[in-house]
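**Student:** Take the sequence shown: its letters are residues 40 to 211, numbered as in my numbering.
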Amino acid sequence: MTILKIARMGHPVLRTPAKLVEDPKDLEIRRLINDMVETMEDANGAGLAAPQVHIPLRIVMFHVPSERSEEGAVPLTVLMNPVIEPVGDDKNEGIEGCLSLPGMAGKVSRYTSIKYSGLDLDGKPIEREATGFHARVVQHECDHLDGILYPQRMDDLSSFGYVEELQKALKD
Ligand code: NI
C-alpha cells in the first residue's frame with residue numbers, strides 16, 4: 040500500500056465534478072481504495088474523497104469515532120457512487136476541517152438528518168440513515184465529488200480561520 044499525496048485547495052481536481060465508478064470490482068479501484076484508507080489513517084482524517092488524492096472518481100470513505108458522535112461509532116465505510124437525500128429541512132452548524140485545507144477550520148451548516156446510499160467495497164448496495172456528525176461527514180465528503188469545499192458552504196466567513204488561532208480565541 041502507498042500513502043498518496045493530498046491535493047490542497049486551489050488544485051483544479053478539487054473543483055472538478057468526479058465521474059461515476061463504472062466497475063466497482065476493478066482491481067485498480069480496490070488498490071486505490073486500499074491506498075486511500077492508508078492515506079486517511081496516516082493523515083488522521085475522519086474522511087477522504089478520491090478527488091483529494093487527485094483521482095476524479097466518485098469514491099468516498101469515512102469513519103465516526105465514538106467520541107465524535109452521540110449516535111455511536113460508525114466503522115470505516117467505503118462508498119462508491121454515493122447519493123444523499125436530506126430527511127427534513129433541519130440544519131445545524133458545526134466546525135469542519137478538511138485534509139485539503141490543512142490547519143484550517145470553519146463553521147458550516149449541514150442537514151441534521153440524511154439518507155444515503157451507494158456501493159460498498161465489494162460492490163454491494165449500502166443504504167443508511169445518519170444524523171449528527173455522521174450525517175455531516177457524509178455531506179462533506181460527497182461535496183468533494185461535486186467539486187465543492189466546505190468554505191463554499193459557509194454562511195459567515197468570519198468563523199473561518201487557522202485551528203490554532205480559533206482554539207486560542209476559545210480559551211480567552
Ligand atoms: Ni474534505
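We put the beta carbon where it would ideally sit given N, CA and C, even for glycine.
Predicted, not measured: the structure shown is a model, and the values here were computed from it.
Quick test of the definition: if touching needs 3 or more C-beta pairs under 8 Å, does the stretch 107–116 touch the stretch 124–139?
**Tutor:** No contact exists between the stretch 107–116 and the stretch 124–139.
**Student:** Should ALA85 be labelled buried (16 or more other beta-carbon atoms within 10 Å of its own) or exposed?
**Tutor:** The residue in question, ALA85, is buried, as its Cβ has 16 or more Cβ neighbours within 10 Å.
**Student:** Would you mind working out which of GLU124, ARG167, GLY162 and LEU140 sits nearest ARG149, comparing C-alpha positions?
**Tutor:** It is GLU124.
**Student:** Just to confirm, are GLY157 and LYS64 a CB contact at a threshold of 8 Å?
**Tutor:** Their beta carbons are not under 8 Å apart, which means GLY157 does not touch LYS64 by this criterion.
**Student:** Beta-carbon within less than 7 Å of THR151's beta-carbon, same chain only, minus the 5 sequence neighbours each way: which residues are those?
**Tutor:** Excluding positions up to five away in sequence, the list reads ASP129, LYS130, ASN131, THR170 and ALA174.
**Student:** When you compare each of GLU135, MET119, LEU205 and ILE187 to ARG69 by their alpha carbons, which one comes out closest?
**Tutor:** That would be MET119, whose Cα lies nearest to the Cα of ARG69.
**Student:** Considering only residues of the same chain and omitting the five flanking positions on each side of ILE72, which have a CB-CB separation below 6 Å?
**Tutor:** Same-chain partners within the cutoff: VAL117.
**Student:** Which same chain residues, not among the five before or five after SER108, have their C-beta less than 8 Å away from its C-beta?
**Tutor:** Contacts found: GLY171, PHE172 and HIS173.
**Student:** Relative to the ligand NI, is the shortest distance from any of its heavy atoms to the C-beta of CYS137 smaller than 7 Å?
**Tutor:** Yes, the Cβ of CYS137 comes within 7 Å of a heavy atom of the ligand NI.
**Student:** Considering only heavy atoms of the ligand NI, does any lie closer than 7 Å to the CB of HIS183?
**Tutor:** Indeed, a heavy atom of the ligand NI lies less than 7 Å from the Cβ.
**Student:** Going along the chain, which residues of its own chain have a beta-carbon closer than 7 Å to the beta-carbon of LEU138, five neighbours each way excluded?
**Tutor:** Excluding residues within five positions, the ones whose Cβ falls inside 7 Å are ILE45, ALA82, GLY84, LEU87 and GLN91.
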